[in-house]
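Those sequence lines, one after another, are chains F and E. Throughout, my numbering is defined as the position within the first sequence, counted from one, plus 44. Once you know that position 78 of the second sequence is 77 in my numbering, the rest is easy, because the numbers rise by one and skip nothing. This report concerns only the one structure given below.
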Amino acid sequence: MFNRNVENVRLIDTVTSRRASVGTLYLTATHTIFVENETEILTETWVLHSLVFSVEKQASTTTGCPLLVRCKNFQVLQFVIPQERDCHDVHVSLLHLSRPEHYEELYCFSYNANSDREDRRKAWDFINLKAEYSRMGLPNHLWKLTPANHHYKVSDTYPADLYVPKSATPPVIMGSSKFRSRGRFPTLSYYYKENHAAICRSSQPLSGFSARCLEDEQMLEAIVRSNPRSDFMYVVDTRPKLNAMANRAAGKGYENEDNYSNIKFHFVGIENIHVMRNSLQKMLEVSEAHFPSMSYFLEGLESSGWLKHIKAVVDAGVFITKAIAEEGISVLVHCSDGWDRTAQVCSVASVLLDPYYRTLKGLMVLIERDWVSFGHKFSHRNNHLNGDPKEVSPVIDQFLECVWQLSEQFPCAFEYNERFLITIHHHVYSCQYGNFIGNNQKERTELGLQEKTHSLWTYLWKNRTDYINPLYRPDHSQTQGVLRPLTAPYCFKFWGALYNRFDRGIHPRQSVMEYLMAIREETQQLEEQLASHEMKILNVEKQQKKSVNLETNMFDRSPAVWASPPSNSSVGLANTPGDYSGLGGFLKSPYQQKEPENSLLILPWPQELRKPTDPDLSTNGDDQESGIAGLSCLSPPNEESAKDPDSDETAYSAA
Amino acid sequence: MLHSHFSKSHSYYQKNTFKTWVCPSLSYLWPTVGYSDQWDDLNKRFSPPLTAKDVTYICPYIGALRGTLTVTNYRLFFKCTDRSEDHFPAKIGGASSRGEVSYGLVCKDIRNLRFAHKQMEDSLRKSIFEVLMKFAFPVSNGLPIFAFEYGQVYPENGWKVYDAQAEYKRQGLPNESWRITKVNDHYELCDTYPSTLVVPVNISDEELKRVAAFRAKGRIPVLSWIHPESQATVTRCSQPMVGVNGKRSKDDEKYLQAIMDANAQSHKLFIFDARPSVNAAANKMKGGGYESEDAYQNAELVFLDIHNIHVMRESLRKLKEVVYPNIEESHWLSNLESTHWLEHIKLILAGALRIADKVESGKTSVVVHCSDGWDRTAQLTSLAMLMLDGHYRTIRGFQVLLEKEWLSFGHRFQLRIGHGDKNHTDADRSPVFLQFIDCVWQMTRQFPAAFEFNEYFLVTTLDHLYSCLFGTFLCNSEQQRVKEVPKKTVSLWAYINSQLEEFTNPLYVNYSNHVLFPVVSMRHLELWVGYYIRWNPRMRPQEPVHQRYKELLAKRAELQKRVEELQREVTNRSASSERAGSPTRSITPVQTFV
């Protein structure tokens, strides 16, 4: 019913504001597709409806009616539609399409729906939380698995399986849960095997100004006792003190040190979701400016407060890490409901404490545990459905950025690279996979997501070569054990690769990471070649004996990438020099005649080796939203894009 | 400004060229870090050392340290003998307490150092201060600069790195449009220019002299670089002496026309005036000014808005306040912004980019000048050449670039740096060269594989800009340098080229045929933490990645070698087994991007 197209639409390059490409705009049930019709090769820009953040119709001009589409992955598209009426229609349709009312309308339910059910089901088992707890050494003589929340009867936002201190009896759990917001009683998040200290999480107590709850006090006492080497614990309230005090008036609040024996109470002062939402908005305004002046950029960045908020989360993580690893003291973390700031802080602390979470699979497990299973409200925070805009907040975005900031400080400590984090960020919003649909485990089970949708983790795992950090050193002393990051303000940088993902004029011309990844890949291929040559020699020897030619088989062992034509090399070419004043258009090299494919940039890494997998996620801008990128379309549809035709904003050529 | 009295108040005195030295120098502040024997050796060889024991170095990062202070004619050396803090008063401010004297050094490399010691016998106290004053500011005390006493022998003679004739030959000069003139052989035409100059063929030496009369300090337009294909050129000069009355010079106009005519590709000439137009106009009052487009037909004048040496000096002063010793945690970004340092870096890079673009894409010749043509002009031409010509991105090529555009063309290092001069408030001081190196660093960030040298090379160059260990950056012009300096001092390049491994970027790939166009966006420039904040132990990288780069590259190289070996073996064996083998696969793909 929404299938419609508008012709003669212009797509303006938002970076240079000068270039525009003319084409046809199609609205399908799941994507907005812009097909350029001027170029000889077809260039397409795909945008998933679920990624659309806002659609804004601007005052029409003589050339047409502009429509500004902002996406949740920070892509900004400006269309100019000739007819006001068409523009209105597109606007209304897009608004409707990007804000579905029901879960069933989301893309994940239609994405690749016909694949084998059994395979799909199995793929979901790739990340198994039970295995994660047993990796931590649980259950053991100190912590047990409690059935209390089976069928979500104690807290409908908690997972069914929860770990509590051995001494916590069902009445204590029940009593404690009644004294906590939404029944989210203190339960284990991370257990540090080495010294038995644990990170626990909960929601705020319903203490008001003076209320007490014996069971809750016993619960905390049980946590203290489950750490045999210490006689007290920290309670970390991640809110600013003022906010926590205000909550007291509503019958909520925070623990009174006098009522709980053996706790040390501590505020860390992370702001609430509304402050974070506004801060991101301000930062994005700064990052979208075309030619920001020095003062506009730096002052704008500072006054947005964004990096300060990131620092606050990392600081809280550092505090907990110190308590656990250095002091051996258990920590209970909560905020108000215990699903936003608490998730951030617990997971950042886990990354700092345990090298496992710095591996690809470890980060997946961590997100499943602290975010997905503990009921971070993905649908509300990421606005998957047409919901309350006040519920939207970049909470998990901040967690991913914290991990990125850490990986910048410890470039060899993380198995995954920046692209992995950006890909996760993308799919947290895309609704292409079922992982982040719904607000809690109960909702997800009811939706039957594991039966009806795909899991992101298996997709990422299959493509893991794209996400490996070439600098990773699993064997090095600095990368093992606890990370101790610096958290002075100047240690936090603006993450251009995420927030300016689609502004290709802004990205560096050469990326060390990509260069090293190419070297890594090359090394692997050399290893394969080596093996192949060794085989060949063996075969020659055999031949000499048997005079049988086995050679042809051997060549099939050579890596397939070598077969791809060198025209692939144009990826990354699509940088415009536009971000400085006074110079328009392309800057060219005199050597163009000689080496047309390398004219603009230095591209020292072996282009032939770059497999443009998942083209929508490349940080270097081979995502196609304008004509400059046309060059990268010279490559024939590669294996990857053929396999994954549904991936959004993919541009591939139909030559 | 110099307080020679050891009063009870803090007496700071300026350590202008206090001889600091290269990176291992960290050792004298943090004695736990081992320092290289080579430099330790310096201490022994060149000192009539004066040593004071029981001196407290008040380190802004780790507090008071007790140790031995040694002053030689090269440097001050503090060696910590005891790190236990028990020996020291709890408060660091105790330095000014009764009976203690303290003194501070303000260094050119962003640091300020403070030492304190108990009252010692008058004679030693006095002598430490005097010796320090004497050797920190040898020029003011009629002493030779240390470079003249250094005398270390290196395998390579660094003074041979640059040969003007050879460099012009590399560029294909002289050719049918450009000639090498001897008119300045004895620095008679212009005493701040090199002896070898390249000028248009059809301008005679007599005419050159008349043009010189119209250009500030006689710095006539001469060729810096020529495009190997389009023949578009970068020429540099000083401002024309237009004055308030708008004086004209037929010779100068003809000369610029000749520069334009030497490039057949374009019928235009771009004149880049590095200054803000207001400053350029103000210069008319002093007899200077800029080319009017009426007088110079086919020329287009562009102002690049780069500020003068005084603004830059002030900006660096503010930057130092912000980053040393400790960084105030709140308002880091707006404090950084208030220094305008990055804004200046951006303008310089943007200017160089426009020049490179005109030459490269517009195939148009450009003339670059500022007022005297030895500060901003040097920055712009050398950066543009770095973008245009891959040769200058090699270690030796970069040395040639510095020798040519900075040293031979008379950037006034002595005046800008004030080697051995106690007069630190001199208005001629300015971080012009530092800004250039900063811009180069920004480019290496954007093109990590395009430069043969690494960050350590840039930092080392800057350290020896101030150290006076080498003769390279002494004096103000080729004329001043030519007689004595190469004979009696060692060149920095001798030291560098004797251990190239340390200064080589492992990621370097020779793409000399490419032009680099850096993105000059605010989002892309960052403060060079590895230089400006390197003294702060908190800013040291958590994990050095260079070693990792090398490992990865070494592994690949080894595999490549083994694959090639096996390949050969396969070919041999296939041939010997009378089989056709596989000619299709005979080219190792790896070879294409080594």
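For glycine and all other residues, C-beta sits at the position ideal for the given N, C-alpha and C.
- request: Compute the Euclidean distance between the alpha carbons of Glu145 of chain F and Thr489 of chain F, then round it to the nearest angstrom.
  value: 19 Å
- prompt: Which residues of chain F have a Cβ atom closer than 7 Å to the Cβ of Arg411 of chain E, listed in chain order?
  reply: Correct list: empty, because the minimum Cβ distance to chain F is about 28 Å.
field: Meets three-Cβ-pair contact criterion under 8 Å: the region 280-291 of chain F and the region 354-368 of chain F
entry: yes
- request: Mind listing, in chain order, the continuous beta strand (DSSP E) runs of no fewer than 3 residues lying wholly within the region 283-342 of chain E?
  value: 298-302
query: Would you call the region 287-304 of chain E and the region 239-259 of chain E in contact, with 3 or more CB pairs under 8 Å?
result: yes
query: Hey, is the region 171-183 of chain F in contact with the region 196-216 of chain F, meaning 3+ C-beta pairs nearer than 8 Å?
result: yes
field: 6 Å CB neighbourhood of Glu313 of chain E in its chain, flanking five on each side removed
entry: none
- request: Put Val358 of chain F into one of helix, strand or coil per three-state DSSP.
  value: helix
query: Taking the alpha-carbon positions, what's the Glu566 of chain F to Lys549 of chain E distance?
result: 15 Å
- prompt: Taking just the CA atoms, how far does Tyr167 of chain E sit from Val32 of chain E?
  reply: At Val32 of chain E the pLDDT is 25, less than 50, meaning the model places this residue with poor confidence and gives no usable figure here.
message: Give me the subset of the region 562-588 of chain F whose CB atoms are less than 8 Å from a CB atom of chain E, sorted by chain position.
response: Ile563, Arg564, Glu566, Thr567, Leu570, Glu571, Gln573, Leu574, His577, Glu578, Lys580, Ile581, Val584, Glu585, Gln587 and Gln588
message: Following a CB-centred definition, is Glu371 of chain F positioned closer than 7 Å to any heavy atom of the ligand HEM?
response: Among the components modelled here there is no ligand, and therefore nothing to report on the ligand HEM.
query: For the candidate residues F:Tyr235, F:Gly252 and F:Ser251, whose alpha-carbon lies nearest to that of Cys244 of chain F?
result: F:Tyr235
- prompt: What's the gap between the Cα of Leu678 of chain F and the Cα of Glu84 of chain F?
  reply: Note that Leu678 of chain F has pLDDT 29, beneath the 50 cutoff, so the model's placement of it is unreliable and the number below is only indicative. If I take the Cα positions, the gap works out to 10 Å.
field: Cys115 of chain F at chain E interface by Cβ criterion, 8 Å
entry: no
- prompt: How would you label Arg214 of chain E, buried or exposed, when you count the other beta carbons within 10 angstroms and need 16 or more for buried?
  reply: buried
field: According to DSSP, residues forming a beta bridge with Pro446 of chain E
entry: The sequence given here has Phe at residue 446 of chain E, not Pro. Partner(s): none; Phe446 of chain E has no beta bridge.
message: Please confirm whether Leu382 of chain E has its beta-carbon closer than 8 Å to some beta-carbon of chain F.
response: no
query: Alpha carbon to alpha carbon, what distance is there between Asp356 of chain E and Phe45 of chain E?
result: The predicted position of Phe45 of chain E is uncertain, since its pLDDT is 49 and thus under 50; a value taken from the coordinates is nonetheless stated next. About 50 Å.
query: Buried or exposed: which applies to Ser178 of chain F, given that a residue is buried once 16 or more other Cβ atoms fall within 10 Å of its Cβ?
result: exposed
message: On the DSSP bridge list, what partners appear for Ala64 of chain F?
response: F:Ile56
task: Verify the CB distance criterion: does Leu341 of chain E have a CB-CB separation below 8 Å to chain F?
output: yes
query: Going by DSSP, what residues sit across from Gly242 of chain E in a beta bridge?
result: Note: Gly242 of chain E sits in no beta bridge, so no partner.
- prompt: Under 7 Å Cβ-Cβ, which residues of chain F neighbour Glu336 of chain E?
  reply: Met338, Ser339, Leu342 and Glu343
message: Rounded to whole angstroms, what is the Cα-Cα separation between Ile127 of chain E and Pro517 of chain E?
response: 49 Å
query: Who are the neighbours of Arg555 of chain E on chain F, taking C-beta pairs under 8 Å?
result: Ile563, Glu566, Thr567 and Leu570
Nearest residue (CA-CA) to Ser407 of chain E, options E:Leu499, E:His309, E:Tyr186 and E:Ala426: E:Tyr186
query: Would you say Arg572 of chain E faces chain F, with C-beta separation under 8 Å as the test?
result: yes
task: Determine, using beta carbons only, whether Val152 of chain E comes closer than 8 Å to chain F.
output: no
message: What ranges does the alpha helix (DSSP H) occupy inside the region 245-276 of chain F, keeping only unbroken runs of at least 4 residues that lie completely in it?
response: 258-269
- prompt: Is the distance from the Cβ of Leu111 of chain F to the Cβ of Val134 of chain F below 8 Å?
  reply: yes
query: Quick one, are the C-beta atoms of Val526 of chain F and Leu396 of chain F less than 8 Å apart?
result: yes
task: Give a yes or no on whether the C-beta atoms belonging to Val569 of chain E and Ile581 of chain F are separated by under 8 Å.
output: yes
query: Is Cys189 of chain E helix, strand or coil when you go by DSSP?
result: coil
- request: Check whether the Cβ atoms of Phe446 of chain E and Gln554 of chain F lie closer than 8 Å to each other.
  value: yes
query: Terminal residues of the continuous beta strand (DSSP E) containing Asp272 of chain E?
result: Leu268 to Asp272
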